[in-house]
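Reading through the C-alpha cells given below for one structure.
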Amino acid sequence: MTHRIALAATLALMAAPAAADEPLTYFTWSGYELPEFHQAYLAQHPEGPEISFFGDDDDAFTKVKAGFKPDIAHPCYDKIARWNAAGLLQPIETARIKNWEKIFPVFRNLPDIQAGDGKVWFVPWDWGNTSVLYRTDLVAPDAPQSWNMLWDPQYAGRMATIDAVHDTPLVAAILAGVNPFDMTPEEMDKVADKLRAQRPLLTTYTTDMTSIEQSLASGELVAAMTWNASAVALKKQGVPVEFMNPEEGMLTWTCGYVLLKDAKNIDKAYDFINARLETDAGKYLIEAYGYGASTATAFAEVPQATLDELKLPANPEEMLRSTTFTGPMKQNDDIAKMFERVKAGG
Amino acid sequence: MERRPALADGPGFRVALSVPGVAVTFGLVLFALLLVVGLAFRTNDGGLLAGPLTLANLVAIFTDRLYAIIMLRSLWIAGLVTLATVVTAYPVAWYLAFHAGHRRGLILFLVTLPFWTSYLLRVFAWKIVLAYNGVLNSAMMSLGLWETPSTALLNNPAAVVVTLAHAYAPFAILPIFVSLQTIPRSLLEVSSDLGASRAQVFRRVVLPLSMPGVLGGALVVFVPTLGDYVTPSLVGGPGSIMIGNQIQAQFGKANDWPFGAALAVATMLVILIAVALVRQADRRWGSRT
Chain B
1 MTHRIALAAT LALMAAPAAA DEPLTYFTWS GYELPEFHQA YLAQHPEGPE ISFFGDDDDA
61 FTKVKAGFKP DIAHPCYDKI ARWNAAGLLQ PIETARIKNW EKIFPVFRNL PDIQAGDGKV
121 WFVPWDWGNT SVLYRTDLVA PDAPQSWNML WDPQYAGRMA TIDAVHDTPL VAAILAGVNP
181 FDMTPEEMDK VADKLRAQRP LLTTYTTDMT SIEQSLASGE LVAAMTWNAS AVALKKQGVP
241 VEFMNPEEGM LTWTCGYVLL KDAKNIDKAY DFINARLETD AGKYLIEAYG YGASTATAFA
301 EVPQATLDEL KLPANPEEML RSTTFTGPMK QNDDIAKMFE RVKAGG
Chain P
1 MERRPALADG PGFRVALSVP GVAVTFGLVL FALLLVVGLA FRTNDGGLLA GPLTLANLVA
61 IFTDRLYAII MLRSLWIAGL VTLATVVTAY PVAWYLAFHA GHRRGLILFL VTLPFWTSYL
121 LRVFAWKIVL AYNGVLNSAM MSLGLWETPS TALLNNPAAV VVTLAHAYAP FAILPIFVSL
181 QTIPRSLLEV SSDLGASRAQ VFRRVVLPLS MPGVLGGALV VFVPTLGDYV TPSLVGGPGS
241 IMIGNQIQAQ FGKANDWPFG AALAVATMLV ILIAVALVRQ ADRRWGSRT
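So the protein sequences, as listed, match chains B and P.
Letter by letter, the first sequence follows residues 1 to 346 in the numbering used here.
Letter by letter, the second sequence follows residues 1 to 289 in the numbering used here.
Rendered as C-alpha cells:
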C-alpha cells in the first residue's frame with residue numbers, strides 16, 4: 001500500500017512543474033536567438049525562451065505542420081498566406097503590441113497580414129536585403145554590378161548561393177525575365193534552365209551563413225548570395241568585400257513573429273514580441289547585423305553615419321523604390337520541387 | 001532430479017519475455033513501415049491516412065530519368081564507401097586478431113573511440129581537414145608542395161566517400177575481427193605443415209573463412225550510407241546529392257510527403273535487392289559449413 005502512495009506522489013511531483021511555468025518556445029532562423037534582442041523579456045521572465053532553429057521557413061512550415069508546436073515562430077512575409085491557409089496561425093491583437101504604431105506603415109499595412117478587427121497574423125520585426133557579396137580583390141575591378149556575377153563561368157567552383165526558394169529561384173526568375181511571384185509552367189521551365197546553368201559553377205547550396213562567411217574570408221569563395229549581416233560581419237573582420245547593388249535591384253524582405261494556433265503561453269508570447277520591438281533590441285539588430293528594425297524608433301537611436309556605412313536608409317520605403325520586395329510566390333511549392341530537382345542534377 | 005522453478009518454464013514467463021520485443025516490432029517498426037508504404041500511394045492533399053490513392057508517385061520515380069541518375073549516384077557513392085571501408089578495415093581486424101596480443105583491448109578501444117563523439121562532429125572534423133584553409137591544404141602549402149590551396153578537396157563525392165568511410169570504419173572492423181578471431185588456429189598450422197605459403201594460407205584459408213564477417217560488415221556499411229543525407233549536404237556540394245537528400249527535401253522544403261514516401265519505398269526495394277545479392281554471395285562463398 002505504501003508503495004502505491006509513494007508511486008502516486010512521485011507521479012504527481014513529475015507532472016506538477018509542467019503545468020505551472022513552462023518556458024515560451026521560439027522557433028527561428030539561426031542567429032536570431034541572441035539575448036540582446038529580448039532583454040526586456042528576460043527581465044520579466046528570467047528563465048528565458050526555449051529556442052529551436054530551422055534551416056529556412058519552408059522547413060519550418062513542414063515541421064510545424066507535422067506536429068511541432070512552438071508558441072512563436074519567425075517566418076518571412078512571403079510565407080504568411082501559406083501558413084495561414086494551412087490553419088497554423090492565430091491572430092495577434094495589435095492593441096496588446098505596445099509599439100505597433102511605431103512599425104513602418106509599409107510593413108504594418110502589408111495585405112497578407114491583416115486579420116481584421118484590430119488583429120494581424122504577423123508582426124514585422126526585421127527587414128533586410130539579399131544580394132551578391134563578393135571579394136573586391138578577387139573579382140575584376142570593372143566587373144558589372146549584376147546578379148549575373150553568380151552565373152559567371154570565370155568564377156566556377158568559387159561561388160555559393162542560398163538554399164531557399166525566396167532567394168535563389170526568385171533571382172533566377174528575375175534574370176530570366178519572368179515574374180517570380182506568378183508564373184506559368186512554361187515560364188517556370190525558363191527559371192529552371194537559368195538555375196541549371198548555375199549549378200555546375202557552385203560549390204554549395206546552403207543556408208549556413210557562417211560557413212559562407214568563412215569561405216569568403218579564406219578566399220575559397222569569390223562571390224556568394226548572402227544577406228546584409230554577412231557583409232557587416234566580414235567588413236568588421238577587415239575582409240575586402242562589397243555587398244553589391246546589382247542593376248536588377250537587390251531583394252528586400254521582411255520577417256517577423258507569428259503566434260501558432262496551439263500556442264500555450266499566449267501572455268508570454270505578447271511579452272516576447274513587445275520586448276523584441278523595444279528600441280534597444282532594434283538598435284542592436286541594426287548595429288550588430290546591419291538588418292533594418294521594423295520600428296522607426298529604433299532607427300532614430302542609430303547615428304546617421306552608422307546607417308550610411310551600413311547603406312541602410314532610415315526609411316524602408318526609400319529602399320523599396322530600387323529593390324524587389326519578396327512577397328508571396330504563388331507557385332511556391334512547385335518552384336520548391338523544381339529547385340530540388342535542379343539541385344540534384346535534373 | 002531437480003525440478004526447475006515453474007516460472008522460468010511456464011508459458012507466462014515466455015509471453016512476458018517476448019511482449020516488449022513484439023510491441024516494439026509491431027508498434028514502432030512495422031507500423032511506421034506500413035505508414036510509409038501507405039503514404040507512398042497517396043496524393044499530396046495534406047492528409048496523412050484517408051484520401052484518394054494513386055500510383056502516380058511510384059510511376060514518376062520509375063519513369064523519370066533524374067531519379068535513376070540519383071539512385072545510381074547513391075549506389076556508386078555507397079559502393080565506394082563500402083569498398084574503402086572494408087579494404088581499410090581488413091588489415092586493422094587482421095592485426096587485432098593475430099598480432100595485437102595484450103594491446104588488443106587498447107586498440108579495440110581506439111577503434112570505437114570516434115563513436116564517443118557525435119556523428120556531426122566527425123563530419124565537421126573532415127570539413128576542417130579538407131577545407132580551403134584547412135589542415136591538408138595548409139600542410140601542403142607549408143611543405144611547398146602546392147602553390148595555391150586546392151578547392152578540389154571539399155564539396156565533391158570524394159569528400160563524401162572519405163568522411164563516410166571513416167565514420168563507418170568500426171562497423172566493418174568489428175565483424176571482420178570476430179570472424180578472423182574465431183578461425184581455429186589449428187587450420188593455419190595444418191596449412192603451413194602441408195606446405196602452403198603465407199599468401200596461400202591467406203587466400204585459400206583465412207579469406208574464405210572470414211568472408212561472413214566481410215559480407216556482414218559490407219552490408220552494415222552499405223545500407224545506412226545509401227540513404228545518408230547529412231554528409232553529402234555538409235561536405236558533398238551539388239555534385240553528390242544522394243537519394244536521402246531528395247527524400248529529406250520532399251518531407252521538408254518541397255512539402256510532398258507522399259512523393260518522399262514513394263522515394264523511400266523505392267530505396268528500400270533497391271536495398272532489398274542488395275541484401276538478396278549479398279545473401280546469394282554468402283551462400284556461395286561465405287558459408288563455413
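Backbone N, C-alpha and C fix where the C-beta goes; we use that ideal spot for every residue, glycine too.
Here the structure is a predicted model, which is why all the values come from computation and not from measurement.
DSSP state of residue i mapped onto helix, strand, coil
| i | result |
| --- | --- |
| S191(P) | helix |
| D78(B) | helix |
| Y26(B) | strand |
| G67(B) | coil |
| W146(P) | coil |
| Y155(B) | helix |
| P225(B) | In the sequence under discussion, the amino acid at residue 225(B) is Met, which differs from the Pro named in the question. Here M225(B) sits in strand by DSSP. |
| W94(P) | helix |
| F124(P) | helix |
| K119(B) | strand |
| G249(B) | coil |
| M14(B) | Only weak support exists for where M14(B) lies, its pLDDT of 48 falling under 50; the value from the coordinates is given anyway. Three-state result, M14(B): helix. |
| R135(B) | strand |
| Q90(B) | strand |
| N274(B) | helix |
| R321(B) | coil |
| G292(B) | strand |
| F243(B) | strand |
| S118(P) | coil |
Top-ranked residue by Cα proximity to residue i, from the options
| i | options | result |
| --- | --- | --- |
| L153(P) | G144(P), A169(P), V135(P), L145(P) | V135(P) |
| K69(B) | Y26(B), N99(B), I103(B) | Y26(B) |
| Q246(P) | A68(P), R198(P), L28(P), L55(P) | A68(P) |
| G217(P) | F177(P), R122(P), G12(P) | F177(P) |
| E287(B) | E301(B), P49(B), W83(B), W100(B) | E301(B) |
| I241(P) | A281(P), I77(P), V37(P), I183(P) | I77(P) |
| I173(P) | A159(P), T163(P), T85(P), H102(P) | T85(P) |
| D57(B) | K79(B), F272(B), A40(B) | K79(B) |
| H74(B) | A224(B), A314(B), T254(B) | T254(B) |
| A169(P) | L66(P), G101(P), L219(P) | L219(P) |
| N245(B) | L170(B), A60(B), A143(B) | A143(B) |
| G55(B) | R279(P), K253(P), I271(P) | K253(P) |
| K343(B) | G236(P), T63(P), R279(P) | G236(P) |
Residue i: CB within 6 Å of a non-hydrogen atom of the ligand NAD
| i | result |
| --- | --- |
| G38(P) | Ligands in the displayed structure: none, and consequently the ligand NAD is not present. |
Sequence-distant residues of its chain with Cβ nearer than 6 Å to residue i (five each side left out)
| i | result |
| --- | --- |
| Q90(B) | L259, K261 |
| I243(P) | I70, M71, S74, T267 |
| F299(B) | A314 |
Beta-carbon contacts of residue i that lie in its chain and below 8 Å, excluding the five residues immediately before and after
| i | result |
| --- | --- |
| T151(P) | Y132 |
| F181(B) | G327, P328, M329, K330 |
| G87(B) | K261 |
| E33(B) | Y26, I51, F53 |
| L170(B) | P180, L251, T324, T326, M329 |
| Q39(B) | A275, E278, D280, A281 |
| N156(P) | G236, G237, G239, S240 |
Buried/exposed call for residue i, threshold 16 Cβ in 10 Å
| i | result |
| --- | --- |
| L297(P) | Nothing can be reported for residue 297(P), as the shown portion of chain P is limited to 1 through 289. |
| W126(P) | buried |
| I273(P) | exposed |
| G128(B) | buried |
| A85(B) | exposed |
| A31(P) | Sequence inspection shows Phe at residue 31(P); the Ala mentioned does not correspond to that position. F31(P) is exposed by the Cβ-count criterion. |
| K268(B) | buried |
| T184(B) | exposed |
| K236(B) | exposed |
| V241(B) | buried |
| R341(B) | buried |
Cβ-based neighbour list, residue i, same chain, cut-off 7 Å, excluding 5 preceding and 5 following
| i | result |
| --- | --- |
| N332(B) | R82, V165 |
| S233(P) | N245 |
| A336(B) | D58, V165 |
Three or more C-beta pairs closer than 8 Å, one from the region 160-169 of chain B and one from the region 197-210 of chain B: is that the case here?
-> yes
Are the region 174-186 of chain B and the region 124-141 of chain B in contact at 8 Å, needing three or more beta carbon pairs?
-> no
Is it a yes or a no for the region 102-109 of chain B touching the region 190-198 of chain B, going by three-plus beta-carbon pairs under 8 Å?
-> no
Is it a yes or a no for the region 297-313 of chain B touching the region 199-218 of chain P, going by three-plus beta-carbon pairs under 8 Å?
-> no
The region 25-41 of chain B touching the region 217-227 of chain P, judged by at least three CB pairs closer than 8 Å = no
Please determine if the region 215-222 of chain B and the region 112-124 of chain B are in contact, where contact requires at least 3 C-beta pairs separated by less than 8 Å.
-> no
Counting pairs of Cβ atoms below 8 Å between the region 36-47 of chain P and the region 253-273 of chain P, do you hit three or more?
-> yes
Is there contact here, the region 192-201 of chain P with the region 104-124 of chain P, by at least three beta-carbon pairs under 8 Å?
-> no
For the region 313-346 of chain B, which residues have a beta carbon sitting closer than 7 Å to at least one beta carbon of chain D?
-> Looking for chain D here will not work: the only protein chains present are B and P.
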